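Asks: Got a structure here, written out as structure tokens. Questions coming.
In my numbering, the protein residues as written are 1269 to 1431.
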């Protein structure tokens, strides 16, 4: 079994003045709702106001990119966290979905100039996904929220808007 290391985050800024969108895939809901809980609780723990967190659900992981784009276009969020879960099956579908979502989220980052955070699990088994959604390997939703906070803080610092 490969060793999985939890990211070591340096100082995590406060999220008091930040707003976030979270788009969550409904596919593998037990997993994605756990990721959502981890992301939401992390944002709140770092000072984000519940009224500054918009949560929207989409049918599957491929739809995450358009849902994230809608949040960027129709709301005033500082970052969008994309949460999903793709589990390897017996067909090439896994590769197509993973490639589509990865490419789509990267394109959104470049197009909109706000952070779109990749919080999509891509695992071989359902058990591996559960371990990364609040199990023994932590909750990748928490990691996605920390990444969102840090990227918004970086942009604010560079723009000279940091408190």
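Don't be surprised by glycine CBs; every beta carbon is placed ideally from N, CA and C.
Predicted model, so just to flag it, every value in this text is computed and none were measured.
(1) Is it buried or exposed for residue 1430, if we count other Cβ within 10 angstroms and need 16 for buried?
(2) State the DSSP-derived secondary structure class of residue 1349, mapped to helix, strand or coil.
(3) For residue 1372, report the span of its alpha helix (DSSP H) as first-last.
(4) Kindly identify the DSSP beta-bridge partner or partners of residue 1389.
(5) Taking a contact to mean a Cβ-Cβ separation below 7 angstroms, would you say residue 1321 touches residue 1288 in this structure?
(6) Compute the Euclidean distance between the alpha carbons of residue 1423 and residue 1314, then round it to the nearest angstrom.
(7) Hey, out of 1283, 1300, 1281 and 1347, whose CA is closest to residue 1380's CA?
Replies: In short:
(1) Low confidence applies to residue 1430: its pLDDT is 47, below 50, so where it sits in the model is not reliable, and the reading given next is rough at best. In this structure residue 1430 is exposed. Its beta-carbon is surrounded by fewer than 16 other beta-carbon atoms within 10 angstroms.
(2) In the structure shown, residue 1349 sits in a strand (DSSP, three-state: E or B).
(3) Under the DSSP assignment, residue 1372 falls in the alpha helix (DSSP H) whose first and last residues are 1361-1380.
(4) 1353
(5) yes
(6) 17 angstroms
(7) It is 1347 whose Cα lies nearest to the Cα of residue 1380.
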